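Notes follow once the structure below has been shown.
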Amino acid sequence: MSSIEIRNVTKSYGALQVLHGIDLNIVDEEFVVLVGPSGCGKSTLLRMIAGLEEISGGDVLIDGDRINDVSPQKRDLAMVFQSYALYPHMTVAENMGFSLSLSGAKKPQIQKEVGEAAKILHLEDYLERLPKNLSGGQRQRVAMGRAIVRDPKAFLFDEPLSNLDAKLRTHMRAEIRQLHQTLNATSVYVTHDQIEAMTLADRIVVMNAGRIEQVGSPIELFDTPMTKFVAGFIGAPT
Ligand code: ADP
Ligand code: MG
451 MSSIEIRNVT KSYGALQVLH GIDLNIVDEE FVVLVGPSGC GKSTLLRMIA
501 GLEEISGGDV LIDGDRINDV SPQKRDLAMV FQSYALYPHM TVAENMGFSL
551 SLSGAKKPQI QKEVGEAAKI LHLEDYLERL PKNLSGGQRQ RVAMGRAIVR
601 DPKAFLFDEP LSNLDAKLRT HMRAEIRQLH QTLNATSVYV THDQIEAMTL
651 ADRIVVMNAG RIEQVGSPIE LFDTPMTKFV AGFIGAPT
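In our numbering, the protein residues as written are 451 to 688.
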């Protein structure tokens, strides 16, 4: 796994500046949650780390190497979206192995990697099913499985639980936390949900209107919010 360094990163869409000089160091094996209201720039920042969005200013480094101009495929990061991003015509096993097959892996190796990920995610009995025949939680596990098989340098999550119902969301939160403890994977997790941030994060980054308001452990933010915004946002019920 890997460290991710964000140095004075800015983003503009035409005349609209949506990120204003973001500085953040994510250390190896850390679980960092970016939290803030809708439109504050969380997804944009995550997509810039992933290479899916051009960086307007500043630098992104992985393990000390500047990767601004490295293509998404070569960054060796895995993005986990909401579960509806599965390929509907592919089985669970095919969904999980697809990116490996694209990168030229041979069938036995794909089977091995998919088998190992399925074991971690409790999906062994579902490998031949189509996504439509899975529960919401199982689908979300497949979405995570697709990321795990690639053994990436880091996991990037963008609101992966937002279209699950409340009960399942709580359950999947615990699973993601457990997964992190199993894999010790550097993770950057975007959510607008304060509870999700508080339960998952080693460190929380509170964002507001394209800026970082405060970075700290869940307890630090809760006990000593440094701005009114942080106090209101972290303290507010969802
Ligand atoms: P969040 O994920 O925190 O909800 P986003 O990163 O998606 O926020 O968006 C941040 C801001 O950038 C918003 O004001 C949004 O409208 C704007 N934005 C995002 N993508 C684009 C785009 N492709 N073109 C123009 N504006 C965009
Ligand atoms: Mg978003």
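Beta carbons are placed, not taken as given, at the ideal position from N, Cα and C, and that holds for glycine.
Bear in mind that the values here come from a model prediction, so they are computed numbers and not experimental data.
When the Cα atoms are used, Glu566 and Ala555 turn out to be separated by approximately 15 Å.
Look at Ser452: its beta carbon is at least 6 Å from all of the heavy atoms in the ligand MG. Residue range 616-633 is occupied by the alpha helix (DSSP H) that includes Ile626.
Nearest neighbour of Met622 by Cα position, chosen from Leu466, Gln532, Asn458, Glu480, turns out to be Gln532. Between Ala616 and His642, the alpha-carbon positions lie close to 14 Å from each other. For Tyr639, the three-state secondary structure derived from DSSP is strand.
By the Cβ criterion, the region 622-640 is in contact with the region 473-489, since at least three pairs of Cβ atoms, one from each stretch, lie closer than 8 Å. In this structure, the ligand ADP has no non-hydrogen atom nearer than 6 Å to the beta-carbon of Lys603.
The Cβ atoms of Leu606 and Ala535 lie no closer than 7 Å to each other. By the neighbour-count definition (other C-beta atoms within 10 Å, threshold 16), Gln590 is a buried residue.
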